[in-house]
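Numbered according to mature numbering (1 follows the signal peptide of the UniProt record, and there is no 0), the sequence shown spans residues -19 to -1, 1 to 175.
Ideal Cβ placement from N, Cα and C applies to all residues, glycine included.
Predicted model only: the values in this text are computed from it and were never measured.
Single-structure report; data block below.
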Amino acid sequence: MKYIIFVLCIIGLWGSSLGAKKEPVKFFRVINCIKDNSTDISQLEDIELTPDPVIMKRGNLTMSGGARFLRDIPDDTVLKVRFYKLKSVLGINIDIPIPCVLGKFGSCTLPVCKYLEMYKEQVQPFWPEGEEYGCKVKAGPFYGGHNVTVTIPDLGIFGRLLVSGKYRAELEATSKKDEQKTPLLCFKIFVEIR
C-alpha cells in the first residue's frame, strides 16, 4: 500500500495500426492547481513515470524529474492528500473517494514532517545530494532524480485486481499559521495502475 501511495504522491506526466508505429497513450500527468502563482513555492521539472500504466507485478518503476522550491517550506506545513478512484458507470464519470486508513494510507491530512518520516524509504532517493534528509525542505536545490528505480512488490492477483484502475491524487500544502490556508503548493496527479 505504501508503494501505491508513493506512486500516486510523487508525485505531475507523461500499438500499432496498419504497420505504422504509434506512440502509446499516456495517462500519467501532474498538473499544478495553484490559481494564484504568487503563492506557489514550487517549480516542477519534467516529471516522468515508466511504465505508464504502472504494472503492479514484482518489478521496477522508473521515475525522473522533481521540483525546486522558491522558499523554504515552513516547519508547520500540513499536507492534505486526497485520493480518488476514477470510474465510469453507464458513461457517467464517478470519482470514488478513498478514505484515510490507519492514519497514513489514502486521503489523509498530516504534517509534512510526518509524511517525510513515514515514507523515508521512498522519498530519500529524491533528496538533494549533500542535504540532510528530514523536515527541513530548503529553497534552491533540486529535489528529484533521473531514472530512479522503485521496486514494486508483488501484490498477487487479488491485490492487483483490487488496486487496478485509474486514480487522481490531489496534494495541497498549507501553513498552520496562515489563517486563510492559502496553498503553498497544489498538484493533481493522474495515474493508471494495472
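Apart from the five residues just before and just after Pro109, which ones in its own chain have a Cβ nearer than 7 angstroms to its Cβ?
As a first step, residue 109 is located in the sequence shown; it is residue number 128 there, counting from the start. Same-chain partners within the cutoff: Pro122, Phe123 and Tyr124.
- Query: Does the distance from the C-beta atom of Ala150 to that of Pro164 stay below 8 angstroms?
  - Reply: Working through the sequence shown from its first residue, we reach residue 150 at position 169. Working through the sequence shown from its first residue, we reach residue 164 at position 183. Not a contact, by the Cβ cut-off of 8 angstroms.
Exercise for the section: Name the two residues that bound the continuous beta strand (DSSP E) containing Val131. Expected result: Stepping through the sequence shown from its first residue, residue 131 is reached at position 150. That run of the beta strand (DSSP E) goes Phe123 to Ile133.
Quiz item: So what does DSSP say about Glu112, is it helix, strand or coil?
Solution: Position 131 of the sequence shown holds residue 112. Looking at Glu112 - three-state DSSP - the assignment turns out to be coil, as it is neither helix nor strand.
Paired residues, beta bridge with Cys167 - DSSP
Indexing the sequence shown from 1 puts residue 167 at position 186. In DSSP, Cys167 forms a bridge with Glu153.
Let me know the secondary structure DSSP gives Pro34 once reduced to three states. Taking the sequence shown and counting its residues from 1, one reaches residue 34 at position 53. Three-state result, Pro34: coil.
**Item:** Rounded straight-line distance, which links the Cα of Gly111 to that of Arg63
**Value:** One-based indexing of the sequence shown puts residue 63 at position 82. One-based indexing of the sequence shown puts residue 111 at position 130. Spanning the two alpha carbons is a distance of roughly 32 angstroms.
Using a 10 Å radius around the Cβ and a threshold of 16 neighbouring Cβ atoms, would you call Ala120 buried or exposed?
For the purposes of this step, residue 120 is identified with residue 139 of the sequence shown, where counting begins at 1. With fewer than 16 Cβ atoms within 10 Å of its Cβ, Ala120 is classed as exposed.
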